[in-house]
Each structure stands twice: as C-alpha cells, then as structure tokens.
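So the protein sequences, as listed, match chains A and B. Throughout the first sequence, residue numbering follows my numbering, covering 1 to 303 in sequence. Throughout the second sequence, residue numbering follows my numbering, covering 304 to 598 in sequence. Cβ atoms here follow ideal geometry from the backbone N, Cα and C, with glycine treated the same way. Every value quoted in this text rests on a predicted model; they were computed, and no experiment measured them. Encoded as structure tokens, the structure appears first; notes follow it.
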Amino acid sequence: MADPIISAAGLNKTYGTVQALQDVDLEVPAGRIGLVGANGAGKSTLIKILLGMLAPTSGDTEVYGTSAQSHPLAVRSRVGYMPEGDCFPPDQTAADFVSYSAELGGLPASESRQRASEVLTLVGLAEERFRNLGEFSTGMKQRAKLAQAIVHSPDLVLLDEPASGLDPDGREDMLNLINRLGKFGMSVVFSSHVLGDIERTCDWVVMLNEGRLLRNEPLETIQASTAVEVVLLDDPGPAVASLESRGARVSVRNRTLDVELDEGDAFVLIRDVLAETGVGMRSLGAKQTTLEDVYLAEEEYSG
Amino acid sequence: MTSEGAIFDLDYRRYEGERSGRRKIRWAIVRDGVRKVLGLRRKARRKIIPWGLIILAVVPAIAIVGFQVFTQGLGADELLEDLIPGHSDYFQLTFQLTFLFIALSAPELLVPDRVSNVLTVYASRPLTVADYLIARVGALLMVVLAFTLLPQVVIYMGGAILSGDFVGHLTGNLDLLWKIPAGALAVFATQAGIAFIISAFARRRGAAAGIYIGFTIISGGVAFGLAESVNRWFSVLDLQGHAIVLIGKIFSDREFSEGTALVENNISPWVSLIAVVAIAAVAGTLLYRRYRRIM
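Below, the structure written as structure tokens:
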C-alpha cells in the first residue's frame, strides 16, 4: 500500500457501558473509501475521532501522518467534514454560510466569497444560493452540507451518511458528486449503511460491525470470487447431490446454486452434472459477490 | 451566430494560496457575531430590536447637543450646565438600554449555533473551543462598546465643537478618554458573563433573554431584602448595582450610585470591582467547561 492517509492503532471508544469501537487497527490509502456498517456500528464515532472531535478511550489515529489526538487543528486544516444531521443557521443564506465556512477553514475573506459561489454552483445550488438555509429541502441541505465540507479545499473529506433522507434522484446526484470529488484531488471517506452506494462510489472498503473491524481492503478484493452461480429451472436436489458427490461445495438459495470447486473447472462440472441429471438451467455465470453478501457472511461469522 | 453549443464544466478550483492562522479565523467569528447581533445580512425583522435600541441610545445625545446649540447665545450657561446631562448622567440614561441590549444579544450569539448544530461545523475547523468563545464574547464586547460609546462620543465632540476651543476642550477632558470606555467595560463585565451562561443552556433566544432579565431584577430585590434583614454583605448580590457603583467611582459621581443596595449598605467600590472580576472569571470557566462538553 502507498502511504496511508488514515491509520488507527488499538483504537477503543466506550460510552459508559457501550463499546462503540473495539481494538480497531487499520491503514487506509488515498482514494474513495467506503465506511460500511449498520446503524450503531461505530462509523460516526470513528469519523469524529479522526477529526479530533472525540477522544478515544485508548489507541491513536493519524491522518496524513499527524496524530488526530495530539494535533487536531493540524488535521482539521486538511480535512472537510459533512455531518449526518443538520448544521445550518436557518436565517443565513447558503452563500453567506458557505463563505463563512471557508473563512473558518483558513481562506481569506475575499477568496471565500468567490469560492462559495463556485462550490455552490458545483453542487447544483447556483440558483438557490441567496435563499435562507431554513427554506431548503432535505436534498438542498445535503448539497449545501457537501459545499461547506469542500469549500476550503481539503485534502480529505469525511462524509457521514451523505445520501440519507434523499429521494432516488437526489441520491443519484449525490453519488455522482462524490464520485467526482476524487477528480478534484480529494480523498473521500464515505460512511453509509447502504452497501450499494458504497459499491458504486468507493474503491476501498472499511467494514465495521458493533465497533469491530470486519474488513479493510480494496473493494475488488472483497468482490473477487471463484464461485460459479447457476440458476435452475427444476428441483435442484439431484444436481446438488451429484455436485457434492464430486467434491464441489454448494450453497443453495431456492433454485440458485453457488458452486465452488478446489480443483478443476466448475463450469465443466456443472455442464456434466446437468446433462446427467436432466435438470434444466436458466442461467450460468461467475458469481458476483456483493458487499451485502460479504457483510452478511461476516456478521454471521462474527456471531 | 452559430448553431454549435458547448457545455463548460466549471469543475472545482483548488485553493493553493496561503491559509490564515487562528487569529484571522477568530476575527471571522467576531465579524459574524457582530452581523448576528446587529441583524446584518438577515431579514428586516431581525434588525428592528438592535437598531431600535441603538437609536434610543443615540437620539438623546444628539438632542442634548442640539439643545446646547439652541441655548448657546441665551446667556444662561451656568443654569444650563446643571440641566444638561454630563457623561456619567448619560451612562445612567443608557444603562438600562445597555442591559437590555446585552440581554438580547448574548442569546443571539450562542443559542442558534448550539440549537441548529452549527457547532459541528466549528468543531471540524482548525480552531479551539476557546477560540470560538473568545470570538463570540469579543463580538458582543465590540458591539456593546460601540453602543455605549457612540452617544458619549456625540456629547464629547458636540461639547468640543460648541466650546469655541475645540483643542482646549479635548485636552481639558482627556480623562474622559479612559473613563468612558472603562465605564462601558464595567457594564459589559458585570452583565455579559451571566447572560452568556444562561444562553449556553437555553434552547430559545427569547427564553434566555427573559431568564437573564428576571434573574438580574430579582437579584437586586433579593440583595436589598437580605441586606436589610440578615446581613449588609448580602447586598453584593445586587448584580446591576456593581456596574452602577463602578461607573459612579470612575466618574467620581457618588450621586450616580445612590439608591443601590451596595451604597446603602456602605460596601466599598473595591468589593464591586472584585465581584465583577469574580463574576467574569466564574462565567468564563463555566462557559468553557460547558462548550468543551458539547463542541
């Protein structure tokens, strides 16, 4: 891995009796990073610790090689943050607030005004930038939140559930915007419990469950699979029995079989078995492992 | 005219220039605070109360100068000198307005940021809790100083112009250059700390202002009652009284502070000074601890 932009070692965080993060060790490269987990998995806690907004119970985190605990201001000067909830003064216009956010990020006042206008145009709020934030819809607020997170040219943007509460069109637009951030020279940490969103936008996945780290690797590694998926037209019983008798591992969901073979060609084996048993087939192909498959398997495994 | 069109994607322009330090970031928060308090870049109804109070504070000063202009040639200068309010008298005139101004402005600076969760944005930027609080207090200090000083400057400059010896008047009243800001500071130090503490917990601006006004008025009554019936030292609970005593001391105008529980019970002005410093210190500590927890 190239130099990690984020690293954590022995990270623990407890709130009273609740263990929000448990022995998290990770190193994450630059790029678009998906932070995946169910509600309460510890995603927001991890993001706040990376910003130095929360102190871990034990362990340390570094962002661009700087400790977020010892030097939080140095970290924040390179990072933008889009919180999950609202964060706007309702009586201020989007242009004023985003411009002010830029100044808070260390940009000169004149430059801030100009950039606020540009960034609001980029997120699709050019027409609405002089409207009060209190009058914004959920979708517009999400865009404005993204604008305040990127207006000061951070190297890394932490997005906490950026697509939550959006309708399908709004979600689509937000995911496209997130995809574009990489082109602007920014790394992105995108937290979500919607696994499909992460698959569409990220190239690296950090998977959390109940505060524990399940996976921390490239998306393509997670999705890689040697299994073959076959969808049958008839009762799969005879085909399954025949495949298993020839050393294949088979998992069955209704009439869909996932077939894995340690040695030999699974496609050839399936062809032979179906010919022998006379079971009809609807489709055959390499299995596409989704994040959901991996998440559910990991969740089941970790108990 | 051409039939060909082109779509230009403005894309994203990275900022490569130098970044400001915390001092400039604090200054940005101060400017934002001043705009909030005065309702600038807000809807018109947000401007009514602050600007109404400012007009109420300044108009009498302009009227005083106008009255001096009108009566200048009447040959009744000695009589008029007693009638026309001086600087300490004007503090008395504007004292309750300043009190009201602080009561309404402190919540404006703290409550919306907290209730609307804007603190999350501050917390994600390169600044500390102390930076935020110092800047917010600084914003109110700037506006309150301007609010208090503006009418005083009108009277001071009016007096200088009307005296016929502009430079002589200015140099003859140099002490006012420290007395007026010191008086304004005394008002601010006594009132703002408590107003900020209440605002740090209240969820509505109106409620914060109401609680603060009620608390201050009640403290005066309680101070009087307990000082009379239990012990004279209870008069130190008269919060407004401390500012009044200090202004009286600054302007060597004992009449100004007569009627306060502190003067009635022969409490030294030094006690008021200590009380004001203590109020400011305790308020600052409580405010910092509160915001450390929520920011």
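Report yes if the CB atom of residue i is closer than 9 Å to the CB atom of residue j, and no otherwise.
| i | j | result |
| --- | --- | --- |
| Gly139 (chain A) | Leu166 (chain A) | yes |
| Ile222 (chain A) | Val194 (chain A) | no |
| Leu430 (chain B) | Leu104 (chain A) | yes |
| Val240 (chain A) | Gly285 (chain A) | no |
| Leu403 (chain B) | Ile516 (chain B) | yes |
| Ala149 (chain A) | Leu159 (chain A) | yes |
| Ala511 (chain B) | Val414 (chain B) | yes |
| Pro168 (chain A) | Asn132 (chain A) | no |
| Gly486 (chain B) | Ile550 (chain B) | yes |
| Pro484 (chain B) | Tyr393 (chain B) | no |
| Thr519 (chain B) | Leu488 (chain B) | no |
| Leu125 (chain A) | Arg143 (chain A) | yes |
| Gly42 (chain A) | Glu199 (chain A) | no |
| Arg129 (chain A) | Val151 (chain A) | no |
| Val333 (chain B) | Ala442 (chain B) | yes |
| Arg249 (chain A) | Glu260 (chain A) | yes |
| Leu219 (chain A) | Asp197 (chain A) | no |
| Thr401 (chain B) | Val362 (chain B) | no |
| Arg322 (chain B) | Ser77 (chain A) | yes |
| Ala163 (chain A) | Ser137 (chain A) | no |
| Gly31 (chain A) | Val157 (chain A) | no |
| Leu11 (chain A) | Val24 (chain A) | yes |
| Thr201 (chain A) | Val231 (chain A) | no |
Applying the 10 Å Cβ sphere with the 16-neighbour rule, what's the burial state of residue i?
| i | result |
| --- | --- |
| Ser245 (chain A) | exposed |
| Ala360 (chain B) | buried |
| Arg253 (chain A) | exposed |
| Glu161 (chain A) | buried |
| Phe373 (chain B) | exposed |
| Gln375 (chain B) | exposed |
| Lys141 (chain A) | buried |
| Lys145 (chain A) | buried |
| Ile582 (chain B) | buried |
| Gln92 (chain A) | buried |
| Gly80 (chain A) | buried |
| Val268 (chain A) | exposed |
| Ala530 (chain B) | buried |
| Gly544 (chain B) | buried |
| Thr474 (chain B) | exposed |
| Arg595 (chain B) | exposed |
| Ala266 (chain A) | buried |
| Phe499 (chain B) | buried |
| Asp235 (chain A) | exposed |
| Val421 (chain B) | buried |
| Lys183 (chain A) | exposed |
| Asn176 (chain A) | exposed |
| Leu465 (chain B) | exposed |
| Arg557 (chain B) | exposed |
| Asp258 (chain A) | buried |
| Ile405 (chain B) | buried |
List the DSSP bridge partners of residue i.
| i | result |
| --- | --- |
| Lys339 (chain B) | Lys339 (chain B) pairs with nothing; no bridge assigned. |
| Val258 (chain A) | As written in the sequence, residue 258 (chain A) is Asp, which differs from the Val given in the question. Note: Asp258 (chain A) sits in a beta bridge opposite A:Glu229, A:Ser251. |
| Gln399 (chain B) | Beta-bridge pairing links Gln399 (chain B) to no other residue. |
| Tyr591 (chain B) | DSSP lists no partner for Tyr591 (chain B). |
| Gln19 (chain A) | A:Thr14 |
| Asn216 (chain A) | A:Val206 |
| Asp60 (chain A) | A:Ala9 |
| Glu27 (chain A) | A:Ser7 |
| Ser283 (chain A) | A:Val231 |
| Leu35 (chain A) | A:Ser191, A:Val206 |
Counting pairs of beta carbons, one from the region 71-78 of chain A and one from the region 32-52 of chain A, are three or more of them closer than 8 Å?
yes
Cβ contact (3+ pairs, closer than 8 Å) linking the region 425-440 of chain B and the region 395-402 of chain B:
no
In the region 154-214 of chain A, which residue ranges form an unbroken beta strand (DSSP E) of at least 3 residues, counting only runs that do not cross its ends?
156-160, 187-192, 204-209
Three or more C-beta pairs under 8 Å: does that hold for the region 457-466 of chain B against the region 79-97 of chain A?
no
Just list the alpha helix (DSSP H) runs in the region 444-516 of chain B, keeping only unbroken ones of 4 residues or longer that don't cross its boundaries, in chain order.
469-475, 479-504
Contact the region 112-129 of chain A vs the region 281-297 of chain A: 3+ CB pairs below 8 Å:
no
Sufficient close CB pairs (3 or more, under 8 Å) joining the region 57-66 of chain A to the region 6-18 of chain A:
yes
Check whether the region 338-347 of chain B and the region 107-114 of chain A touch, using three or more Cβ-Cβ pairs below 8 Å as the test.
no
Taking contact to mean at least 3 C-beta pairs separated by less than 8 Å, is the region 569-578 of chain B in contact with the region 531-543 of chain B?
yes
For the region 64-146 of chain A, list the beta strand (DSSP E) runs that are entirely contained and at least 3 residues long, ordered along the chain.
79-82
Between the region 346-358 of chain B and the region 212-226 of chain A, do three or more beta carbon pairs fall short of 8 Å?
no
With a floor of 4 residues, list each alpha helix (DSSP H) that falls wholly inside the region 539-576 of chain B, ordered by position along the chain.
542-553, 557-560, 564-567
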